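Heads up: the sequence lines are chains A and B, in that order. Each residue of the first sequence is one higher than the last, beginning at 1 in the numbering used here. Each residue of the second sequence is one higher than the last, beginning at 1001 in the numbering used here. Since the structure comes first, as structure tokens, the remarks are kept for the end.
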Amino acid sequence: MHGRLGRSARLLIVPAVMAAVTYGVHAQVPYDRILRASAEPQNWLTYNGTYNSQRYSTLSQITPGNVATLESKWVLQNQVFGAWQSNPLVVDGMMYLTQRPNDVMAVDAKTGRMFWLYRYTPSPDAKVCCGANNRGVAVLGDTLFMGTLDGHLIAIDARSGRPIWNIEVGDVKQAYSITLSPLIVKDKVLVGVGGGEYGIRGFVAAYDPKTGKELWRFYTIPGPGEPGHDSWTGDSWKTGGASVWVTGSYDPALNLVYWGVGNPGPDWNPDQRKGDNLYSDSVVALDADTGQLKWHFQFTPNDGYDYDSTQVPVLVDADWKGTPSKLMLWANRNGYFYVLDRVTGKFLSGVPFVKVNWSSGLDANGRPIPTPQPAGSPTWPGNQGGTNWYPPSYSPRTGLFYFSAWQDYATVYRKETASYEAGRPFLGGGFTVLAPVPGAPTVGIGRRGPINNWTDEVGNGAVIAMDPQTGKPRWTMEQFDVTDAGMLTTATDLLFTGGREGYFTALDARTGKVLWRASLGGQIVMAPITFQVDGQQYVSVISGHTLVTFGLRP
Amino acid sequence: MLSSFWRVTPIACALVLGMATSGVAQNTQDHAYTAADVAAGSQLYATQCQLCHGQNGDGIAGIDLRRGQFRRVTSDSDIAGVLAKGIASGGMPSFNFQPAEVNGIIAYIRAGFDPSGTPIRVGDPVRGQALFEEKGRCLTCHRVNGRGIRTAPDLSDIGSQRTPAALQRSLVDPTGAMLPINRPVRVVTREGRTIRGRRLNEDTYTVQLIDDEERLVSFVKADLREYEIGKTSPMPPASKSLAPDEVSDVLAYLLSLKGL
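This is how it looks when you write it as structure tokens:
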């Protein structure tokens, strides 16, 4: 009886389901939709949500008043060991995300059930410094694009999950890799390469989404005859790193793409590459059509501390000293918070947001005044930085810039002469995290387990709500462990974030007050996203090996 | 021949370590390694492995190289195999090391990351056990293999957890050597009840401890009137009650504790 009823009910439902499926099939994502992504907040169409990378959503169903009634709607379990740094995309009720090492999944955003799983096995020669990470796919039309650990770019049919083309971006034997989510601009797929710990020569390149043909390439280390080449001594430019491993931003009005560039190599021995080492630890502004450099700003010249500048460039239109301005906000791994003019690259302000002793300050042009510490003495901030790649957020409502920081965290650096050998680490020394007792446990690249036996005595995490106008935090929410979590803000002045302890928290974006939290148990090492399907707003976050999607209780 | 000579019991190994301040050979599962191997391995580890595995070898969840805890390997040849092939799903790259380099890495891991040959005297573990239990009265706070009190850390496997140098420091300077997690805490609940204990775990919102009456207790910090973390170890320096030779004996005993 029950079964028969079920069948007839199913028959009745068929037309409605067909309608939904038909809608889904036609859900293409032309460039125009990405350009106007803020007009469809029910979706999350790019790595950072919108081209300005503010990770701010105008969805308003979840409010400070009802956030306490959030409940888990579905959970997706990752089957692969390791930190899960993927940023999901949501397109018309479909979620696309990746898991280690290079799997892509299409998941129903409402139920968490999977349509297809594409598995790409990277070459066993693939080498990455810091885990088999992938931070997600990009979408254009009906095609997804994924960079791979072995330095390839793959186009994947969004409906079948089957590859369309697969091209080599960088040579895996030289340890080129791609961990970032590609950036779509107009009719091009842009990617950068990792390998800054292996002596690569970094670049950003653009590819034809139909064929995979390379359209332009910008080397982040200038070659002979190019401006900036003399910022490297001898042949050091050939193995100088300057990788690009976090997705950039785009200003359509200026037609500029902005990319943060990684550390120079060898990491800890700047004597082997005397000079400023352009464009390592810089932001570069490139013409989106040609890849031509328009301007650059270098945060850390001749870096010996691994201060990658691969943070997300956050683009903000706001008054600066009373004048409407096109700004770029940047909390850097080197411990300074910067405001730049994104039209010209001009330095507007820079202030330390954590303890800094590698430099005594910035000059009028934003260039740091170096104060290298004696051998064996600690340097603040330590190797993982005052902040790192974790996506920040900017709320145009509060005017505040939110990011994760590591406070009171220092390391002792050691430099050695490194000799380059293709595909092998090219580090030039090492580092030791400053610990209260010799041999005590310290923080590393990821959370080391459920018992925090390193404690806040080796450093602690914080959410900083920075007022860009003053360079002073409006509020700070401290955590006991350090945090690699990204940020999400909404039009209801909520800030969602997490941390290594596995708490997923909703804060009042204006005051920093914790309004709600859920203990998810695994480290949160990416930013949450929000989207809406059939009138319900959802917030998804990855904790440990699970992606949890929350919505309001009915 | 050399190999079988060094295949000795942990106690004998501790004695060897005590006698030899240079040219220390390490007892391992498959092979014998020299101090030169360990030193070379230490250098190589710092440049090739430390970025992911961390300075203490515990940078990857579930793995603690210093203490010989692995996910997939047991023998030395297993380790050599992982170095050569990598683990694609875990993000561990393969390395084209020379055989001597592989030896060095394994030697450093098997040496518990303590290649210095620090001139620490390791005495007699049998005498050490007696001193530990009687004159030193260590079981009035510590516990070993089910005997003793739990208020101070259980030491049943401390010999595989800590290096000889670290244990020596803990004996002579308990406050200076105290790991931060072990700090004594004092809480006052909302109802005004005071509880003292040793911290076991902590996060932004909660703290877990074992109290003076050996109860496991968890608190939400927001519910507490006071929460204080002490900086001074409740343990008196062993040198207060024991002669230097006796401290060496206790150290030998502690090094022999490898867990069940």
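Even glycine gets a Cβ: it sits at the ideal position worked out from N, Cα and C. Keep in mind it's a predicted model, so treat the numbers as computed, not measured.
Start and end of the alpha helix (DSSP H) containing R36 of chain A?
-> Counting along the chain, R36 of chain A falls outside any alpha helix (DSSP H), and DSSP gives it neither H nor E.
Who pairs with T1140 of chain B in a beta bridge, going by DSSP?
-> The partner list for T1140 of chain B (beta bridge, DSSP) is empty, contrary to what the question assumes.
Which runs of the beta strand (DSSP E), 3 residues or longer, sit entirely within the region 394 to 439 of chain A?
-> 400 to 407, 411 to 415 and 429 to 433
Closer than 9 angstroms by beta-carbon distance: list the chain A residues that pair up with S1042 of chain B, in chain order.
-> What S1042 of chain B touches in chain A: nothing, since even the nearest Cβ is about 10 angstroms away.
Beta-carbon contacts of G1136 of chain B that lie in its chain and below 7 angstroms, excluding the five residues immediately before and after | A1238, S1241, L1242 and V1250
If you run the structure through DSSP and keep just helix, strand and coil, what is G24 of chain A?
-> At G24 of chain A the pLDDT is 45, less than 50, meaning the model places this residue with poor confidence and gives no usable figure here.
For a contact meaning CB atoms closer than 8 angstroms, what does I200 of chain A contact in chain B?
-> Result: empty, since nearest Cβ-Cβ is about 14 angstroms, beyond 8 angstroms.
Please work out which residues of its chain come closer than 6 angstroms, Cβ to Cβ, to N1056 of chain B, disregarding the five sequence neighbours upstream and downstream, and give them in chain order.
-> R1066
Cβ neighbours of L278 of chain A in the same chain (closer than 6 angstroms, five flanking residues each side left out) | G228 and S231
Residue-level contact to chain A via CB, G1117 of chain B, 7 angstroms cutoff = Confidence in G1117 of chain B is poor, its pLDDT being 41 and thus under 50, which makes the residue's placement unreliable; the coordinate value appears in the next sentence. So no, G1117 of chain B is outside the interface.
Answer with buried or exposed for V553 of chain A, where buried requires no fewer than 16 other C-beta atoms within 10 angstroms of its C-beta.
-> Per the sequence shown, the amino acid found at residue 553 of chain A is Arg instead of Val. Result: exposed.
Counting only beta-carbon atoms, is A1088 of chain B nearer than 7 angstroms to chain A?
-> yes
Are there 16 or more other CB atoms within 10 angstroms of the CB of I451 of chain A, so buried, or fewer, so exposed?
-> exposed
May I ask you to list the residues that DSSP assigns as paired with D484 of chain A?
-> According to DSSP, D484 of chain A bridges with nothing at all.
Closest by CA to W237 of chain A, which one among A:N263, A:W245 and A:D319?
-> A:N263
Give the straight-line distance between the Cα atoms of A527 of chain A and V443 of chain A, rounded to the nearest whole angstrom.
-> 20 angstroms
Three-state secondary structure assigned by DSSP to Y1253 of chain B = helix
Go through its chain and collect everything with a Cβ distance to Q28 of chain A's Cβ below 8 angstroms, but skip five positions before and after it.
-> G141 and D142
Does the distance from the C-beta atom of D1157 of chain B to that of G1259 of chain B stay below 7 angstroms?
-> yes
Looking at the unbroken beta strand (DSSP E) that takes in H152 of chain A, where does it start and where does it end?
-> H152 to D157
Between the region 400 to 425 of chain A and chain B, which residues of the former have a C-beta closer than 9 angstroms to a C-beta of the latter?
-> R414, E416, A418, E421, G423, R424 and P425
So with Cβ pairs under 7 angstroms, would you call T582 of chain A a contact of chain B?
-> Residue 582 of chain A lies beyond the residue range present for chain A, which begins at 1 and ends at 554; the question has no answer from this structure.
Mind checking if A1025 of chain B is an interface residue toward chain A, Cβ cutoff 7 angstroms exclusive?
-> The pLDDT assigned to A1025 of chain B is 31, lower than 50, so where the model puts this residue is not dependable; a value taken from the coordinates is nonetheless given after this. Answer no: the Cβ-Cβ gap between A1025 of chain B and chain A never drops below 7 angstroms.
Within-7 angstroms CB hit, R102 of chain A to chain B = First, the amino acid is wrong: residue 102 of chain A is Asn here, not Arg. Closer than 7 angstroms: no.
Status (buried if at least 16 other CB within 10 Å, exposed otherwise) for V525 of chain A | buried
Segments assigned alpha helix (DSSP H), at least 4 residues, entirely inside the region 1037 to 1102 of chain B | 1050 to 1053 and 1076 to 1085
The alpha helix (DSSP H) spanning T1177 of chain B covers which residue range?
-> For the record, residue 1177 of chain B in the displayed sequence is Ala; it is not Thr. A1177 of chain B -> alpha helix (DSSP H) spans P1174 to A1177.
Between which two residues does the alpha helix (DSSP H) carrying I1158 of chain B extend?
-> I1158 to Q1161
Cross-strand partners of Q532 of chain A (DSSP beta bridge) | A:Q537
Name the two residues that bound the continuous beta strand (DSSP E) containing S282 of chain A.
-> S282 to D287
Tell me, please, whether the region 477 to 492 of chain A touches the region 453 to 466 of chain A by the rule of three or more beta-carbon pairs shorter than 8 angstroms.
-> yes
Are the C-beta atoms of N452 of chain A and some chain B residue less than 7 angstroms apart?
-> yes
Rounded C-alpha distance that separates T530 of chain A from A364 of chain A = 40 angstroms
From which residue to which residue does the beta strand (DSSP E) around P1125 of chain B run?
-> Element bounds for P1125 of chain B: not the beta strand (DSSP E) but the alpha helix (DSSP H), P1125 to E1133.
For S623 of chain A, I'd like the list of residues in its chain whose CB is within less than 7 angstroms of its CB, leaving aside the five on either flank, ordered along the chain.
-> Any answer about residue 623 of chain A is impossible in this case: the structure gives chain A only from 1 up to 554.
For V169 of chain A, the nearest candidate out of A:G192, A:P425, A:G446 and A:N66 (CA to CA) = A:G192
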